[in-house]
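Position 39 (the sequence shown) corresponds to 39 in the numbering used here; numbering is contiguous. For every residue, glycine included, the Cβ atom is placed at its ideal position computed from N, Cα and C. Since this is a predicted model, take the numbers as computed values, not measurements.
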Amino acid sequence: MAEATFMLGGAAVPDAHRAISAIGRSFDIHEWSGSGPEQLHVHYADDEAWHILEGTLTFKLLDREVEASAGTTVFIPAGVAHTYYEAHGPTRYLIIMPPNLRNLIAALHAAPPEQHPAIMRQFQSEIVA
Numbered sequence: 001m002a003e004a005t006f007m008l009g010g011a012a013v014p015d016a017h018r019a020i021s022a023i024g025r026s027f028d029i030h031e032w033s034g035s036g037p038e039q040l041h042v043h044y045a046d047d048e049a050w051h052i053l054e055g056t057l058t059f060k061l062l063d064r065e066v067e068a069s070a071g072t073t074v075f076i077p078a079g080v081a082h083t084y085y086e087a088h089g090p091t092r093y094l095i096i097m098p099p100n101l102r103n104l105i106a107a108l109h110a111a112p113p114e115q116h117p118a119i120m121r122q123f124q125s126e127i128v129a
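This is the structure in structure tokens:
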């Protein structure tokens with residue numbers, strides 16, 4: 001049986017040496033830093049969300065860019081092209097994703113860039129720009 005993970009008292013990080021990471025059947029939540037992929041991309045079957053802990057991320061959509069600073073939660077529903085990058089220095093954020101996106105990211109990291117478009121299609125996603 002899976003174990004529950006608790007972050008009590010508003011603590012974002014359990015201790016100074018361990019980032020948040022919890023994997024479940026329906027979704028994962030991970031503490032990350034840095035920018036996302038350079039290209040706009042779309043996940044046709046999966047929603048994705050971020051909660052900014054420190055710094056600012058800029059989310060680029062097809063028609064606009066939106067800055068999200070610490071305390072902001074961003075939800076990108078399936079079918080919306082997006083990417084994101086650090087706007088003004090280092091950031092720390094929680095990313096919430098379904099297992100399909102976890103598996104997509106692992107597959108992309110294990111393959112050379114020329115294989116990325118085919119891998120994206122296998123996971124109901126696409127690079128759009």
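*asked:* Would you say residue 55 lies against chain B (beta-carbon separation less than 7 Å)?
replied: Considering every chain present, this structure includes no chain B. It has just one protein chain.
*Any idea if residue 7 is buried or exposed, counting beta-carbon neighbours within 10 angstroms, 16 or more meaning buried?*
By 1-based counting over the sequence shown, the position of residue 7 is 7. Because residue 7 carries a pLDDT of 48, less than 50, the predicted location of this residue cannot be relied on, and the following value inherits that uncertainty. Classification for residue 7: exposed.
_Touch test, the stretch 113–128 against the stretch 53–61, Cβ-Cβ under 8 Å, three pairs minimum_ = no
_Residue closest to residue 69, alpha-carbon to alpha-carbon, out of 22, 24 and 85_ = For the purposes of this step, residue 69 is identified with residue 69 of the sequence shown, where counting begins at 1. The shortest C-alpha separation from residue 69 is found at 85.
*asked:* I need the boundaries of the beta strand (DSSP E) containing residue 53, first residue and last residue.
replied: Position 53 of the sequence shown, counted from the first residue, corresponds to residue 53. Segment 48–54, the beta strand (DSSP E) holding residue 53.
*Does the stretch 86–99 come close enough to the stretch 121–129 to have 3 or more Cβ pairs within less than 8 Å?*
no
*Does DSSP classify residue 139 as helix, strand or coil?*
Look at the range of the chain in this structure, 1 to 129, and you will see that residue 139 is not part of it.
*asked:* I believe residue 23 touches residue 31 by the beta-carbon criterion, under 8 Å. Please report the beta-carbon distance rounded to the nearest angstrom.
replied: Your numbering for residue 23 matches position 23 in the sequence shown. Your numbering for residue 31 matches position 31 in the sequence shown. In fact, because the Cβ distance is near 13 Å, the residues do not count as touching under 8 Å.
_Quick check on this structure: which residue in 91, 101, 27 and 45 has the alpha carbon closest to the alpha carbon of residue 77?_
Position 77 of the sequence shown, counted from the first residue, corresponds to residue 77. It is 45 whose Cα lies nearest to the Cα of residue 77.
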